[in-house]
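End of the sequence shown sits at 272 in numbering that gives the first Met the number 0; the numbers just go up one at a time, nothing left out.
The C-beta atom is built at its ideal place from N, Cα and C for all residues, glycine as well.
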Amino acid sequence: MHLVDMHCHLDLMANGPAVAAQAATVGLGILNAGVTPDAFRAARAAYANAPTARCAAGLHPWWIDDGRCGAADVDLLVEELARTPFVGEVGLDFAARHRASAPAQTEAFERIAKACADHPLPKRLLTIHAVHAASTVLDILERYDLTRSAACIIHWFSGTSDELARARRLGCLFSVNEFMLATRRGREYARQIPTDRLLFETDLPSHDGPGSAAELMASLERTLATVAALKRTEPFTLANEVCAHSCELLDLHGATPEPTPTETAAPSTNEAV
Ligand SMILES: [Zn+2]
């Protein structure tokens, strides 16, 4: 594995299964963050044979906010979490345009956190959305002591410095993408986050239509280059450390990239020459 995208949305791409197949050939690992329990169930079937893709069961706060999902979806997800270790995208978004649904979002996230606490599973991991809501997210993680029983990854952290310090003290991990690195504050946070708490992600797609593994890889490589420069470290060393941690979290160590068509087609007679 060369790089791992710890938060992307294959389900929202027009050609997710093709992207997952491409990813396996280029040594790209992917955590597909589901936005609804139904999307997770479909993804689990669609990516069952993709050796480097893993699927998380989630319920995105925007889907609660606009009414596309409700209590029945929370029930479905809670039921799923008794047997599914990877969770996300879940969390809270209290930005002005989503704030009206803050009570419903909080109730859902609290039930999801409780389900994780009630069903501790090996390799439990959460990829968490926290916009203008980092303190409330951390309150809930702390209430259920989730950072002890699970890898709690705050994706695209955008809270305050105090909230970052609290999240670090609680033991959270942070997945960083190039949109976060476009701001001075995001770059400063990425510089401060210790490498053993740092992961890379794309949060793509950001456009309609087909995506590609090359696009994900290019975004991850830009993130790697920027973070390596901020930390004044070698990109190769940083990539190895972050990738090893990601593979451990996603249980990707046994997932070897499939041979490329060129390798497959290489005539064995070459060895005899
Ligand atoms: Zn996302």
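Contact check, residue i vs residue j, beta carbons under 9 Å
{"i": "Ser134", "j": "Arg110", "result": "no"}
{"i": "Leu2", "j": "Tyr46", "result": "no"}
{"i": "Ala55", "j": "Pro16", "result": "no"}
{"i": "Asn176", "j": "Asp138", "result": "no"}
{"i": "Asp37", "j": "Trp61", "result": "no"}
{"i": "Leu154", "j": "Gly87", "result": "In the sequence under discussion, the amino acid at residue 154 is His, which differs from the Leu named in the question. Yes, they are a contact pair."}
{"i": "Ser174", "j": "Thr126", "result": "yes"}
{"i": "His59", "j": "Thr35", "result": "yes"}
{"i": "Leu219", "j": "Phe199", "result": "yes"}
{"i": "His244", "j": "Asp195", "result": "yes"}
{"i": "Val73", "j": "His128", "result": "no"}
{"i": "Ala116", "j": "Leu75", "result": "no"}
{"i": "Ile152", "j": "Ala107", "result": "no"}
{"i": "Cys7", "j": "Pro204", "result": "yes"}
{"i": "Gly185", "j": "Met179", "result": "yes"}
{"i": "Lys122", "j": "Leu248", "result": "yes"}
{"i": "Ala95", "j": "His118", "result": "no"}
{"i": "Leu30", "j": "Met5", "result": "yes"}
{"i": "Asp207", "j": "Ala13", "result": "yes"}
{"i": "Gln21", "j": "Ala213", "result": "yes"}
Residue interval of the beta strand (DSSP E) (run including residue i)
{"i": "Phe93", "result": "No beta strand (DSSP E) holds Phe93; DSSP gives it neither H nor E."}
{"i": "Ala318", "result": "With the chain covering only 0 through 272, there is no way to say anything about residue 318."}
{"i": "Gly33", "result": "First-last for Gly33: undefined, no H or E at that position."}
{"i": "Asp4", "result": "Leu2 to Cys7"}
Nearest-angstrom Cβ-Cβ length linking residue i and residue j, presumed shorter than 8 Å
{"i": "Ala150", "j": "Leu124", "result": "4 Å"}
{"i": "Gly57", "j": "Gly28", "result": "That belief does not hold up - the Cβ atoms of Gly57 and Gly28 are roughly 18 Å apart, past 8 Å."}
{"i": "Ala23", "j": "Val77", "result": "Their Cβ separation, rounded to whole angstroms, is 32 Å, which puts Ala23 and Val77 out of contact at 8 Å."}
{"i": "Ala52", "j": "Ala19", "result": "4 Å"}
{"i": "Leu237", "j": "Ala227", "result": "5 Å"}
{"i": "Val136", "j": "Leu197", "result": "19 Å between Cβ atoms; not a contact."}
{"i": "Leu140", "j": "Ala112", "result": "7 Å"}
{"i": "Leu163", "j": "Tyr143", "result": "Between Tyr143 and Leu163 the Cβ distance is about 21 Å, and since that is not below 8 Å, they are no contact."}
{"i": "Pro296", "j": "Leu223", "result": "Coverage of the chain is limited to positions 0 through 272, which leaves residue 296 absent and any answer about it impossible."}
First through last residue of the alpha helix (DSSP H) which encompasses residue i
{"i": "Ala71", "result": "Ala70 to Glu79"}
{"i": "Thr24", "result": "Gly15 to Thr24"}
{"i": "Pro234", "result": "Pro234 to Leu249"}
{"i": "Ser148", "result": "Leu145 to Ser148"}
{"i": "Asp64", "result": "Pro60 to Asp64"}
Pick out the complete beta strand (DSSP E) segments inside the segment 155 to 225, 3 residues or longer, and give them in chain order. 172 to 175 and 197 to 199
Runs of alpha helix (DSSP H) lying entirely within the segment 103 to 137, each at least 4 residues, in chain order: none
Residues surrounding ligand 1 [beta-carbon distance to nearest heavy atom under 6 Å]: His6, His8, Ala32, Glu88 and Asp202
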